[in-house]
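Take the sequence shown: its letters are residues 22 to 283, numbered as in our numbering. Encoded as structure tokens, the structure appears first; notes follow it.
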Amino acid sequence: MDAELAEVRALQAEIAALRRACEDPPAPWEETSRVQKSFQAIHQFNSEGWKSSKDLKSQLGHLESELSFLSTLTGINIRNYSKQTEDLTGTEMTEKSIRKVLQRHRLSGNCHMVTFQLEFQILEIQNKERLSSAVTDLNIIMEPTECSELSEFVSRAEERKDLFMFFRSLHFFVEWFEYRKRTFKHFKEKYPDAVHLSEGPSSPSIVIRSASQPGPGAGQEQSHRNRSSQLPNPARSAWNRSCSGKPDKIASCRAERLVPKQ
Numbered sequence: 022m023d024a025e026l027a028e029v030r031a032l033q034a035e036i037a038a039l040r041r042a043c044e045d046p047p048a049p050w051e052e053t054s055r056v057q058k059s060f061q062a063i064h065q066f067n068s069e070g071w072k073s074s075k076d077l078k079s080q081l082g083h084l085e086s087e088l089s090f091l092s093t094l095t096g097i098n099i100r101n102y103s104k105q106t107e108d109l110t111g112t113e114m115t116e117k118s119i120r121k122v123l124q125r126h127r128l129s130g131n132c133h134m135v136t137f138q139l140e141f142q143i144l145e146i147q148n149k150e151r152l153s154s155a156v157t158d159l160n161i162i163m164e165p166t167e168c169s170e171l172s173e174f175v176s177r178a179e180e181r182k183d184l185f186m187f188f189r190s191l192h193f194f195v196e197w198f199e200y201r202k203r204t205f206k207h208f209k210e211k212y213p214d215a216v217h218l219s220e221g222p223s224s225p226s227i228v229i230r231s232a233s234q235p236g237p238g239a240g241q242e243q244s245h246r247n248r249s250s251q252l253p254n255p256a257r258s259a260w261n262r263s264c265s266g267k268p269d270k271i272a273s274c275r276a277e278r279l280v281p282k283q
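This is the structure we're talking about:
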């Protein structure tokens, strides 16, 4: 009975203290101090947020500058990009301090007149000692183009899952394709009767036919030396330079020679 009475009195005292706190407003200086602290906290938060925003803008500008430089250097422009990450780390791996992450990347862009889309996966495995990564899947989609030999190059990159080879070699491939196209067009315009291109300037090879010496071999692809000898002297040196080192091959070579074998 005494214990219950003591508990009731303790509750009554607590209720009375709460009533006094509600009836007596806080001192003005206490309220002002509380407001000032709130404003200081908000100002500090905003300042940190603004500082972070400025840093992000500066970093973004730097990355855009680097991307523009690489695009100018390689001719490759990336238009769209997305990334998804999946954690494949299991319980057993966690116990061994091993982390396994699968990254799925998708991007689209162009290199001069060639448009492409890439989908590839990168598997990262990290332990206490090192971090390793490898391309586990690579799918390249090329828009139709007049450069028909490009499909062989793309198939080789997909087969090897060599993403670096694709980006490193694509701009060389396209650049030399344009050189070959202009070379073929030049000789066709200058010597229309002697030069024959089965697919126009984009042909993979060029055929030289002698109008003065038709013979049994007329209309067939001949060696570089025989073909160059049929050209007038002013064009012979230019032709030899364009086909230097390939006397037994078709002028300007085929597409697989535009990019070094990997």
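For every residue, glycine included, the Cβ atom is placed at its ideal position computed from N, Cα and C. In this text, all values refer to a predicted model and were calculated from it rather than measured experimentally.
Taking the CA atoms as reference points, Arg189 sits about 24 angstroms from Leu152. Excluding sequence positions up to five before and after Phe208, its CB lies within less than 6 angstroms of the CB of Val216, all in the same chain and listed in chain order. Contact between the segment 185-199 and the segment 129-138 is established, with three or more Cβ pairs separated by less than 8 angstroms. The beta carbon of Tyr102 sits closer than 6 angstroms to the beta carbons of Leu128 from its chain, once the five residues preceding and following it are set aside; these are given in chain order. With a contact defined as Cβ atoms closer than 8 angstroms, Gln142 and Leu123 qualify at about 6 angstroms.
DSSP places Leu159 in the uninterrupted beta strand (DSSP E) bounded by Leu152 to Met163. Using a 10 angstroms sphere on the CB of Pro225, the tally of other CB atoms reaches 16 or more, which defines it as buried.
Taking the Cα of Lys202 as reference, the smallest distance to any Cα among Asp214, Glu167, Ser172 and Tyr212 is reached at Glu167. For the segment 79-121, the continuous alpha helix (DSSP H) assignments of 4+ residues that do not extend past its boundaries occur at 112-116, in sequence order. Looking only at Arg120, Ser169 and Ser176, the smallest Cα-Cα distance to Glu150 is reached by Arg120.
Rounded to whole angstroms, the Cβ separation of Asn160 and Glu140 is 4 angstroms, and the two are in contact under 8 angstroms.
In this structure, the CA atom of Asp108 is about 16 angstroms from the CA atom of Lys117. Arg177 is not a Cβ neighbour of Gly130, given a cutoff of 8 angstroms.
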